[in-house]
Amino acid sequence: MNTLQPVGADAQLEIEVRHKSFEASRGGSIEVLRDLNFAVERNEFVCLVGPSGCGKTTTLRLLLGLDHSFEGRIKLPGEREPRIGMVFQEPILLPWRTVEENVRLGLPRSLSGKNLDHLFDALGLSGMRAFYPGELSLGLARRAALARALAIEPDLLVLDEPFVSLDEATAQQLRYLLLEIWSERPTTVLMVTHNLLEAIMLADRIIVLSPRPSHVVGSFLVRIPRQSRNAQVCSDILRSFHEKFPARAAT
Ligand SMILES: Nc1ncnc2c1ncn2[C@@H]1O[C@H](COP(=O)(O)OP(=O)(O)OP(=O)(O)O)[C@@H](O)[C@H]1O
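So that you can map any letter, position 72 of the sequence shown is 72 in full-length UniProt numbering, and since no number is skipped, the others follow by simple counting.
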């Protein structure tokens, strides 16, 4: 059984899943996770990568409390009820509410009067606060979903391929925006991605999962400061990543 990945004493998030399976449609069960153990430090940005179908989204669903049928333990940040911001592949916005209303809906009472000018501005949404989701491109809808996740000042940000199926220029712009906002107010982030270069650009650490039943194969620390991670540096880091995870790097 592999142990928790060491992250120091300040672990904010601890995942210890002994076993998680689903009923298979043709009978029997599919074991998805077995002894999946890792921790994420306070304000650490961690990307989770692994082969398709290995259980990344399942892991996020367990930690979000959307699925309770598993053996193990999950420790979330904070002593009070943690505030968790989440962005999934599909930006789930209420179509009958404006962008601003969608963002404000999620605010806890203590932040209900919050001035959101800076956030909308930083995400390039200032002119679209009164728009309805149906009037937004996918890229803008993703920005609105990010705004909603960040507005609550989350203790934990959970991102499931938030930039997938965007054109590369839009995706890159959103990655920069995310980093800019996150640098102003760092928080603990767990993000699933298939894009290793994206993980290298954003993460402090990349956790690599095995095929099903999934466990942690290892971690890759991205030690170079983010401001120095230009295209050449990222491709050098990618080479080191592939050297460390030759076969398992496929995502
Ligand atoms: N509700 C469910 N019922 C049955 N099987 C499920 C259910 N949800 C997920 N699975 C199965 O569990 C496995 C893991 O799914 P999951 O979506 O977590 O993988 P993933 O690593 O996020 O995949 P991808 O990278 O392709 O998005 C898959 O084989 C999937 O078919």
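All C-beta atoms, glycine included, are put in the ideal place defined by N, C-alpha and C.
- With the criterion CB distance below 5 Å from any heavy atom of ligand 1, the matching residues run 22, 32, 52, 53, 54, 55, 56, 57, 58 along the chain.
- Proximity of the stretch 69-84 to the stretch 132-142 falls short of the contact definition, fewer than three beta-carbon pairs being nearer than 8 Å.
- In this structure, residue 16 lies away from residue 205, with their beta-carbon atoms at least 8 Å apart.
- Taking 8 Å as the upper bound for CB-CB distance, residue 214 and residue 48 are not in contact here, some 10 Å apart.
- A distance below 6 Å between beta-carbons, with the five flanking residues on each side excluded, links residue 210 to the following residues of its chain, in chain order: 217.
- In the DSSP assignment, the residues bridged to residue 16 are 37, 73.
- If only uninterrupted beta strand (DSSP E) runs of at least 3 residues are considered, those enclosed by the stretch 123-190 are 156-160.
- Comparing alpha-carbon positions, the option among 222, 212, 224, 240 lying closest to residue 50 turns out to be 212.
- Annotation note: the stretch 79-111 contains the following uninterrupted beta strand (DSSP E) runs of length 3 or greater, listed N- to C-terminal: 84-87.
- Secondary structure note for residue 219: it is in no alpha helix (DSSP H), and the uninterrupted beta strand (DSSP E) holding it is 216-221.
- Out of 128, 199, 188, the CA that lies nearest to the CA of residue 220 is found in 199.
- For residue 31, DSSP records a beta bridge to 21.
- Taking a contact as a CB-CB distance under 8 Å, the pair residue 125 and residue 147 counts as one, their CB atoms being some 6 Å apart.
- The residue among 195, 201, 177, 156 with its C-alpha nearest the C-alpha of residue 187 is 156.
- Using a Cβ distance threshold of 8 Å, residue 233 and residue 203 do not count as a contacting pair.
- In this structure, the beta-carbon distance from residue 181 to residue 122 falls below 8 Å.
- A residue is called buried once 16 or more other Cβ atoms fall within 10 Å of its Cβ, and residue 239, having fewer, is exposed.
- With contacts defined as CB atoms closer than 8 Å, residue 77 and residue 12 qualify as a contacting pair.
- In this structure, residue 46 lies away from residue 224, with their beta-carbon atoms at least 8 Å apart.
- The beta carbons of residue 149 and residue 191 sit about 11 Å from each other, so the pair does not count as a contact at 8 Å.
- Under the criterion of beta carbons closer than 8 Å, residue 83 and residue 152 qualify as touching, at roughly 5 Å.
- In the structure shown, residue 48 falls within a strand segment according to DSSP collapsed to helix, strand and coil.
- Residue 226 has its alpha-carbon roughly 42 Å from the corresponding atom of residue 23.
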